[in-house]
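There are 2 protein chains.
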Amino acid sequence: MFAGLKRVLIGSPLKTTQLAHERLTNVKALAVFSSDALSSVAYATEEILFVLILAGTAALRYSVYVAAAIAVLLIVVGFSYRQTIFAYPSGGGSYIVAKENLSSLAGLVAGAALLIDYVLTVSVSTAAGIAAITSAFPALHGWRVGLCLLAIAMITLGNLRGVRESGTIFAIPTYVFVFSALTLIVTGIVKMLTVGLPPAPVEGGAVEAVQNLGLFLILRAFASGCTALTGVEAISNGVQAFKEPVSQNAAKTLSWMVALLLTMFVGITYLSYHTGIHPSATETVLSQLAKVVFGKTWLYYLVQAATALILILAANTSYADFPRLASIIARDGYLPRQLANRGDRLVFSNGIVILGVLSSALIIWYHGETHALMPLYAVGVFLSFTLSQSGMVMHWIRGRAHDKKWLSHAIVNGLGAVTTGVVLVVIGATKFIHGAYIVVLLIPLIVLLFRAIHRHYLDIADDLRMNLDEPVRRVKHTIIIPVAGVNKMVAQTLSYALSLSDDVRCVHVSIDPEATAKLKAKWDAWNPGIPLQVVESPYRSLTRPLLHYVDRVERKEKDDMVTVMVPEFVPRRWWHHLLHNQSALVLKALLRMRRHTVVVSVPYHLKD
Amino acid sequence: MFAGLKRVLIGSPLKTTQLAHERLTNVKALAVFSSDALSSVAYATEEILFVLILAGTAALRYSVYVAAAIAVLLIVVGFSYRQTIFAYPSGGGSYIVAKENLSSLAGLVAGAALLIDYVLTVSVSTAAGIAAITSAFPALHGWRVGLCLLAIAMITLGNLRGVRESGTIFAIPTYVFVFSALTLIVTGIVKMLTVGLPPAPVEGGAVEAVQNLGLFLILRAFASGCTALTGVEAISNGVQAFKEPVSQNAAKTLSWMVALLLTMFVGITYLSYHTGIHPSATETVLSQLAKVVFGKTWLYYLVQAATALILILAANTSYADFPRLASIIARDGYLPRQLANRGDRLVFSNGIVILGVLSSALIIWYHGETHALMPLYAVGVFLSFTLSQSGMVMHWIRGRAHDKKWLSHAIVNGLGAVTTGVVLVVIGATKFIHGAYIVVLLIPLIVLLFRAIHRHYLDIADDLRMNLDEPVRRVKHTIIIPVAGVNKMVAQTLSYALSLSDDVRCVHVSIDPEATAKLKAKWDAWNPGIPLQVVESPYRSLTRPLLHYVDRVERKEKDDMVTVMVPEFVPRRWWHHLLHNQSALVLKALLRMRRHTVVVSVPYHLKD
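See the structure below:
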């Protein structure tokens, strides 16, 4: 029944040989790899405004300068990753780059940061996508947690089926979003320069400052806006998916992505400032802006729909990244092996399920509020940026012998490493108490877990390693059968035991002397060739006297191994289990803790 | 650790030979067996008043007539049980009497009714006992559910330790209660006849009628008051505990009990009517009466304390009755066998725990309100009365050949049967919608369950019954070892298998051709004397190809049995289980469903 349900939900199993790769054109690749990065313009501006508004309405004008700084940062990071693309044409994720060039510890830190980040990408993108919908239809606002969970469940199921990263499916929402966002910006600017844009309707009028506008607040606004950079590294991870020449194509696509992201982010931030939009808990900034520019026309709804779709798509990209990274780390022995197995549909099912569960938990914990999740988000991204760029610097220095341009490469990545490192510190410091501390604490804990797991696998490998010259020796061995009655079940067990060994002992634990006498008589009448030994149990326990008996036999016979064969019913219905003494279960559990002991349940299938 | 906690809570195990019986003097026996019956005067009057008040204050005077009718009923039932005592000196519970004299179905119905009743006795008595306390200390009223659960937990724990039914311990609260209740009645009557009793202070004055005072309401009041009779049968169940001549002593004690119960019940009801007490949700009728008669003196607090104690004692008697009856029914094969086992402390631990859980659940469901639980209570009692008395009638008729007085005996029990039968119908009809329907539905369901369990045990016994002349034959047999690598764990399993059989197959399920080639080379280098067979798994499942392999071997070798030996780690820490593929677990579960298949886990204990 469970198997049937599984088939309906995720489809029939696929053969290993069906695993194949689709090579993408640049246009499709931009859609596949950029949804995470491009979609972040849906919330990055809002995050800046949410911080600045603390210093009152007047402070909102600083958003433009903050956005400009982030734009510069974006260009620096873009150039850095261009170099990674050429250096690692087979795909250079931060985990691999940091592990190969810095140390395995640096790799693990990057890995931990990335895993956390992928989970957050799902939660944040889903929450923001649902916010785009509830902004357009405010009646749904109260249902947002349920809608988020539904969306995550559907993405999870889709990925368990093995959604192909089909360029065509991705291309439509991505380009519709890009088109509608650019249309919004162009229309806004044209209107601004001609008829003029009306100011956004602000509920409650101007906001009073609750904090002073100081450097700290501006840095915090900058840190919040840095979420615009999440996902920029995606293309460098997936170089293999491009057509030949892979690196050139990937680099060209990266440039396009950076240009689009920059234009949309700066444009939206500028127009939001110009129209005086205030951030709100129930309507996104982008929704407010689209309303001001388009009015409540079909173009407004198009912007909202495209925003929701690209955000869901962004969440979906983590469903490829998280399980893939987890499987690489698992193959290196730092995560449970199960994460490295491909399921029926050739996807890393365990990783997909774990990602779905964790991101759903975050949604529930943070009530599906994008803004509440944000302080956790950028720390991991910038940590992995920094480690990856530092790793690239080492890469160039090591390869300086056969690369004339090594110094200029190292300088570009060095600039990237220093910049992202500084931003990491800014983010950590300004958002620490707002939630970043969770990630700061979690990363070392995860790294410790990685290492504990690794040590365990190494210990076991050590323990199991054998000398191939050692001969296989036969062991000295006794079989013990606990007997509760003379019946077919016991007879079957005895037949089975005698076919395996001549040294079989039958033992009965006596609780009721009367019943024991009857049993003994019946046994003797049957006379199976093995005597029935009786041990007394004054305290009515079945297990303790039996364990003592096993000890005695093992000592006396100097056995290498003892086998206890327990005759056991296989009832026809599950509830029948309740009707039989659970003593066999307890006995088996206790015996399993003994060394040199094998417990065998000999099943007796009841007739149907 | 669990074992240690168990020792502290319930003590060290006791030997079977420590099971002994105490013979009780009549004075002690009255205390031991009457707490349930006598304690019911704490709530029976109140139940009558709760019904009559529906017809307004003036209707309360009918309480005296209702009490008189119940007194007559009590005398009839008393005489009936006197006869049971003489006919069943070894103890004649309703289950046994109905089963032996009527039919096994009648016995099961009585058994179901009694089991329900014992659960209700615990809930009702505990709730009423706590009500006696919260009447004296109204501040505790809000805590009553917690207090009830605490009391039940303590009684349960005490019984798991094996509280001896020590006459002395029971005698004190019982006689203090009898003494204080009789003092209350005598003082009340003396004051009434001399200085006069003040009327009880009634909050809100006279109550308006919400129902007409008709025959139905009076019958419902009567039905409610019949809870006074609960527990009357206790002495007839425990005749064996009396000193010789057992029947005479038991009969004498029964008469005393009936006399005391009658006096207290009628006395309390009369005085309550005389002082015009209204039933209240927060203070018991008995507490109000004691306040009127004694004022808030130490005597008032003595009545409340003694009431609470005897009610807790009454709950405690069910802890002897329920597990004992359940064990008898289980021994007859109508309940799971585990209920017939005595635990470490010689008590029927499973029955005690079940009783504690069920009665606690009722307390929670009914918010610890005595009055809300009542409509469920008396149905079971009177059903078992009726069946028991009818059984006695049959008993006399069957034995008419060698008992000259059979007719008079039969008439007494017949009168008892008819009376209790009529009362049963009255209770069922008048309290049906108030809760009695639950019990009316539950009893047949429990009887069906009894029979399903019985049928299962009979089927199994049938299935297992063997012909003692049949010789024990050796079976044809193959051992299959699934191999994932060449290591000490596999070597150990192979050694073990070869010591049991010469027909051992090693098989590897190949998912990754490269890994398989390596394994094959290592195996050949090791050369343990058994070739490694490889089966391909295009869908990456370990279990399905292995199951097919087992099928093929079984068919080809014409085996009687196939043994699959799975090499398995025993990790040092529980969380290490998460780090190993769970495929062994899945494989074992699937193999267990095959017929003629034994699954053996050969444990490899990792070094510490």
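Protein chains in written order, with the working numbering: chain Y, 14 to 621; chain S, 14 to 621.
Even glycine gets a Cβ: it sits at the ideal position worked out from N, Cα and C.
Presumed contact (8 Å Cβ cut-off) between residue i and residue j, rounded CB distance
{"i": "Y:Val-77", "j": "Y:Thr-282", "result": "6 Å"}
{"i": "S:Leu-513", "j": "S:Ile-543", "result": "Not confirmed; about 13 Å, so no contact."}
{"i": "S:Cys-239", "j": "S:Ile-376", "result": "Rounded, the Cβ-Cβ distance is 22 Å, inconsistent with contact."}
{"i": "S:His-609", "j": "Y:Arg-608", "result": "So it is not a contact: roughly 30 Å between Cβ atoms."}
{"i": "Y:Phe-190", "j": "Y:Leu-51", "result": "7 Å"}
{"i": "S:Ala-123", "j": "S:Ser-107", "result": "4 Å"}
{"i": "S:Tyr-56", "j": "S:Phe-335", "result": "So it is not a contact: roughly 20 Å between Cβ atoms."}
{"i": "Y:Leu-471", "j": "Y:Ala-339", "result": "Contact doesn't hold; Cβ gap of about 20 Å is too wide."}
{"i": "Y:Phe-398", "j": "Y:Ala-80", "result": "The Cβ separation is near 19 Å, so there is no contact."}
{"i": "Y:Leu-368", "j": "Y:Phe-463", "result": "Going by Cβ atoms, the distance from Y:Leu-368 to Y:Phe-463 rounds to 17 Å, so no, they are not a contact pair."}
{"i": "Y:Ala-68", "j": "Y:Leu-226", "result": "4 Å"}
{"i": "Y:Met-479", "j": "S:Ala-602", "result": "No, Y:Met-479 and S:Ala-602 are not in contact; Cβ-Cβ is about 29 Å, not under 8 Å."}
{"i": "S:Val-611", "j": "Y:Val-613", "result": "6 Å"}
Residue(s) in a DSSP beta bridge with residue i
{"i": "Y:Cys-519", "result": "Y:Ile-494, Y:Leu-545"}
{"i": "Y:Ser-614", "result": "Y:Val-579"}
{"i": "S:Met-574", "result": "S:His-490"}
{"i": "S:Phe-255", "result": "S:Leu-37"}
Cut-off 6 Å between Cβ atoms - residues of its own chain near residue i, not counting five sequence neighbours on either side
{"i": "S:Arg-655", "result": "An answer regarding residue 655 of chain S cannot be provided, because it is not within the stretch 14 to 621 covered by chain S."}
{"i": "Y:Leu-555", "result": "Val-522, Ser-596"}
{"i": "S:Tyr-188", "result": "none"}
{"i": "Y:Ser-373", "result": "Leu-162, Ile-165"}
{"i": "Y:Asn-114", "result": "Gly-404, Met-407, His-408"}
{"i": "Y:Leu-153", "result": "Thr-147"}
{"i": "S:Lys-444", "result": "Ala-236, Pro-388"}
{"i": "S:Glu-296", "result": "Ser-148"}
Sequence-distant residues of its chain with Cβ nearer than 8 Å to residue i (five each side left out)
{"i": "S:Leu-37", "result": "Val-45, Gly-180, Ala-254, Phe-255, Lys-256"}
{"i": "Y:Ile-466", "result": "Gly-346, Tyr-347, Leu-348, Pro-349"}
Residues of its chain near residue i, where Cβ-Cβ distance is below 7 Å and the 5 sequence neighbours each way are ignored
{"i": "Y:Pro-627", "result": "Outside the shown range of chain Y, which is 14 to 621, sits residue 627 of chain Y, and nothing can be said about it."}
{"i": "Y:Arg-95", "result": "Ala-264, Leu-267"}
{"i": "S:Tyr-286", "result": "Leu-73, Arg-74, Ser-76, Val-77"}
{"i": "S:Ala-167", "result": "Reading the sequence as shown, one finds Met at residue 167 of chain S and not Ala. Taken in chain order, the list of residues that qualify is empty."}
{"i": "S:Val-223", "result": "Leu-67"}
{"i": "Y:Gln-402", "result": "Ser-93, Asn-426, Gly-429, Ala-430, Thr-433"}
Contained beta strand (DSSP E) runs [length at least 3] in the segment 27-104 of chain Y, N- to C-terminal order:
none
Which residues of the segment 533-565 of chain S have a Cβ closer than 8 Å to any Cβ of chain Y? Give them in chain order.
Lys-535, Ala-538, Trp-539, Pro-541, Gly-542, Pro-551, Tyr-552, Arg-553, Ser-554
Which residues of the segment 157-176 of chain S have a Cβ closer than 8 Å to any Cβ of chain Y? Give them in chain order.
none
Whole alpha helix (DSSP H) runs in the segment 397-449 of chain S with 4 or more residues, listed along the chain?
419-444
Residues of the segment 100-123 of chain S in Cβ contact with chain Y at a cutoff of 8 Å, in chain order, please.
none
Chain Y contacts made by the segment 490-510 of chain S, where a contact means CB separation under 9 Å:
His-490, Ile-492, Gly-498, Val-499, Asn-500, Lys-501, Met-502, Val-503, Ala-504, Gln-505, Leu-507, Ser-508, Tyr-509
Which parts of the segment 259-343 of chain S are runs of the alpha helix (DSSP H), unbroken and 4 residues or longer, counting only runs that do not cross its ends?
259-287, 298-307
Near-chain Y residues of the segment 449-480 of chain S (beta-carbon distance less than 8 Å), N- to C-terminal order:
Ile-466, His-469, Tyr-470, Asp-472, Ile-473, Asp-476, Leu-477, Arg-478, Met-479
Mind listing, in chain order, the continuous beta strand (DSSP E) runs of no fewer than 3 residues lying wholly within the segment 93-170 of chain Y?
none
When Cβ atoms are compared, which residues of the segment 564-578 of chain Y fall closer than 7 Å to chain S?
Met-574
Quick one, which residues of the segment 379-399 of chain S are near chain A if we go by CB-CB under 8 Å, in chain order?
Looking for chain A here will not work: the only protein chains present are Y and S.
Chain S contacts made by the segment 606-620 of chain Y, where a contact means CB separation under 7 Å
Arg-608, Val-611, Val-613, Val-615, Pro-616, His-618, Leu-619, Lys-620
Scan the segment 283-297 of chain S for residues whose Cβ lies nearer than 7 Å to a Cβ of chain Y and list them as they occur along the chain.
none
Residues within the segment 230-264 of chain S neighbouring chain Y, beta-carbon criterion of under 7 Å
none
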